[in-house]
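Just so you know, we're using the numbering used here here: the sequence shown kicks off at 566 and counts up by one.
Report on the following structure.
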Amino acid sequence: MGSYQRINPVKQKAVESKKAFLIGGGIASLSAAAYMIRDGHMQGKNITVFEELDILGGAMDGKGDAEKGYIARGGRELEEHYECMFDLWGFIPSLKDPSRTVLDEIRELNIAEPVESHSRLTYKQGKIADFSSFGLKDRHVVEIIKLMLETEERLGTKTIEQYFDKSFLETNFYYFWRSMFAFENWHSVVEVRRYMRRFIHLLPGMNRLWGILHTEYNQYDSMILPLITWLKKQGVRFELNTQVVDIDITAKGGKKTVTGIHILKKGKESVVKTAAADLVFVTNGSMTENSTYGDNSKPPVLNRDTAKAGCWSLWKKIAAKGKGFGRPEVFCGDIDKTKWESFTMTFKGKFMADYLGKLTDRKPGMAGVVTVKDSNWLISWTVPKQPHFPNQPKDVFVVWAYGLFPDAEGNFIKKKMSECTGLELVSELLYHMGLEKKIKDLLPTVKVIPCMMPYITSQFMPRVKGDRPDVIPEGSVNLAFLGQFAEQPDDCVFTVEYSVRTAMTAVYRMLNLEKEVIPVFPSFYDIRTLTQATKVLYGGKIPGETIAHHLLRKTSLAELL
566 MGSYQRINPV KQKAVESKKA FLIGGGIASL SAAAYMIRDG HMQGKNITVF
616 EELDILGGAM DGKGDAEKGY IARGGRELEE HYECMFDLWG FIPSLKDPSR
666 TVLDEIRELN IAEPVESHSR LTYKQGKIAD FSSFGLKDRH VVEIIKLMLE
716 TEERLGTKTI EQYFDKSFLE TNFYYFWRSM FAFENWHSVV EVRRYMRRFI
766 HLLPGMNRLW GILHTEYNQY DSMILPLITW LKKQGVRFEL NTQVVDIDIT
816 AKGGKKTVTG IHILKKGKES VVKTAAADLV FVTNGSMTEN STYGDNSKPP
866 VLNRDTAKAG CWSLWKKIAA KGKGFGRPEV FCGDIDKTKW ESFTMTFKGK
916 FMADYLGKLT DRKPGMAGVV TVKDSNWLIS WTVPKQPHFP NQPKDVFVVW
966 AYGLFPDAEG NFIKKKMSEC TGLELVSELL YHMGLEKKIK DLLPTVKVIP
1016 CMMPYITSQF MPRVKGDRPD VIPEGSVNLA FLGQFAEQPD DCVFTVEYSV
1066 RTAMTAVYRM LNLEKEVIPV FPSFYDIRTL TQATKVLYGG KIPGETIAHH
1116 LLRKTSLAEL L
């Protein structure tokens, strides 16, 4: 979208009296509220956000202290072409300097401290594995190209392991891929196709993590808190500790209208009546619903209670009310295929900072993710920029890790990852870092908070058209869906960009704004990007490239090649 389309939309009639109710307090709802105000000219006091927890931000969390330990359930791998996301933070003021924006802060940090991996893969207890190439055979490249050119309809519910042969799943490329994006072999190959097309411009530097961006602090303090602060100044109302248990939908003449929102607060149920002119935006499904925590001496207990599953339970009720509202069971119906575990470590003292600085050959925040290639749990870990939390003391060092295989037995700790205490988890990681002899000395210096997430990769489950509802279902008068489980063609789930895009789409269409939603960055249609990507997939040289140069050496096409 060119600058010509970046307009300030005309205020619609009666917008001052229009009310909006946003169900869920994650980034999708917060983004929608921001666009309702900036582009929709709605009054903040007429926008209400209902959140079941006592804190906003959804999956973009971060909290704790040095004594009890810090916790962030996950991290965010950002990149330059998150067009909707950076549009949003391009108008949210920085908390440090209100004359600057959050976008300004992120850009300036990444110019000064760019991410570049010198230790993308390790093995044999802390040794750097060769990650210089993707390790793909010609047949693997052909499979990748065919996948990118295939349609989603023809791929259907095919999984990664059904599409690719076993040898592909053992390549460096797949280690890079699955550890960056958290793909399991049984996940949808349709989502892999979307990722490959969407991020093809990152392929040439994927082994070095070139193009990946980071933030000053954790995602909550660097991104969510400035957004919440701005929304509060605009008068947006936040109803925390408030669960939406159902919504009333009236269907008449093919039109579907939300007429009531059933909320549960402090044990009391009530109904908020809504009119056809109001907006009701629902975040259907959540990656972090029913997360559970452990500590140094206790493992997190997996929550399998599907009857009390927050927004999943709400989505099931909505889906039962008619067609076009999606099929939640596709995503939340098999917890053993959608779970994994992360753990945040809070170390005291300088040893770990010095050791990991030498191992990664980078300053904190600049090394990116490190994957332990021979880990039975397939552990990936990262050292974020320090301090990772504004209240973090100078002598405290935070490390984050996750394991894709929580039901596997460890290499050093002979237990399933899911059964391990925090100290057992960090012992396994220290072993893989080459610190087996230092484990006993380091355990008294660390606080570990493990987190088990039953639905963390539910968005990657095999699906077909209709499993995810459209952002605005057919016939909807005032209902829209937001977040990772609302359908947005071409873009990729498990990204902040996807959530913000659904919010922008819902606001612009429901308020009938004459402004385009920023399109997905079209790198897949750039011949230069395609050429570079093809070259790196083939190990640095495109088949037939030398012959082509020879045949065209005296033509105008030689310089182009």
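All C-beta atoms in this analysis are idealised placements derived from N, C-alpha and C, irrespective of residue type, glycine included.
Fully contained in the region 924-1008 are the following beta strand (DSSP E) runs of length 3 or more, in chain order: 935-937, 944-947, 961-968. Ranked by Cα distance from Ala1045, the options Glu644, Lys1005, Ile883 are led by Ile883. Counting other Cβ atoms within 10 Å of its Cβ, Asn1077 stays below 16 and is therefore classed as exposed. A Cβ-Cβ separation of about 6 Å places Arg1033 in contact with Gly891 under the 8 Å criterion. For the pair Glu756 and Phe1050, the CB atoms are not nearer than the 8 Å cut-off. Boundaries cannot be given for Tyr647, as no alpha helix (DSSP H) includes it and DSSP labels it neither H nor E. In this structure, the alpha-carbon of Ser659 lies about 19 Å from that of Arg641.
A straight line joining the alpha-carbon of Pro1054 with that of Val1065 spans about 14 Å.
Considering only Arg1074, Val1029, Pro1019, the residue with the shortest C-alpha distance to Glu1039 is Arg1074. Counting only the Cα atoms, Asp1035 lies some 25 Å from Ala872. For Ala593, the enclosing alpha helix (DSSP H) stretches over residues 592-603. Annotation: Asp630 is outside any alpha helix (DSSP H); the continuous beta strand (DSSP E) that includes it extends over 628-630. The secondary-structure analysis by DSSP pairs Gln808 across a beta bridge with Leu829. Taken through DSSP and simplified to helix, strand or coil, Gly887 comes out as coil. Pairwise C-beta distances place the region 844-859 in contact with the region 588-597, as three or more of them are shorter than 8 Å.
Separation of the CB atoms of Leu792 and Leu595 is rounded to 5 Å, and the pair is thereby assigned contact status at 8 Å. Within the region 1036-1110, the complete alpha helix (DSSP H) runs of at least 4 residues fall at 1061-1075, 1092-1102. With fewer than three CB-CB distances shorter than 8 Å, the region 780-791 does not count as touching the region 758-772. If only uninterrupted alpha helix (DSSP H) runs of at least 4 residues are considered, those enclosed by the region 715-752 are 717-720, 725-728, 737-746.
Taking every protein chain shown into account, the CB of Tyr1090 has fewer than 16 other CB atoms within 10 angstroms, so this residue is exposed. For Trp905, the pairing in a beta bridge is given by DSSP as Met1018. Out of Ile1092, Thr1096, Tyr1063, Met713, the CA that lies nearest to the CA of Val1085 is found in Tyr1063. Counted as a single uninterrupted DSSP element, the alpha helix (DSSP H) harbouring Leu668 occupies residues 667-677. An exposed status is given to Pro1087, since fewer than 16 other beta-carbon atoms sit within 10 Å of its beta-carbon.
Residues Glu1062, Val1065, Arg1066, Met1069, Ile1083 of the same chain have their beta carbon placed closer than 7 Å to that of Cys649, with the five preceding and five following residues left out of the count. Distance from the Cα of Lys661 is smallest, within the candidate group Thr613, Met788, Phe733, for Met788. With contacts defined as CB atoms closer than 8 Å, Thr857 and Leu686 fail to qualify as a contacting pair. Counting only residues of its own chain and dropping the five nearest sequence neighbours on each side, Phe746 has a CB closer than 7 Å to the CB of Tyr760, Phe1059. Counting only the Cα atoms, Asn675 lies some 9 Å from Gly776.
Val836 counts as exposed, since fewer than 16 other beta carbons sit within 10 angstroms of its beta carbon. If you draw a straight line from the Cα of Met625 to the Cα of Ala874, it comes to about 19 Å.
The count of Cβ pairs closer than 8 Å, one atom from the region 719-733 and one from the region 997-1007, stays below three, leaving the stretches out of contact.
Counting of Cβ neighbours within 10 angstroms places Ser664 among the exposed residues, the total staying below 16. Around the CB of Tyr740, 16 or more other CB atoms lie within 10 Å, so the residue is classed as buried. Rounded to whole angstroms, Asp813 and Gln690 show a C-alpha spacing of 57 Å.
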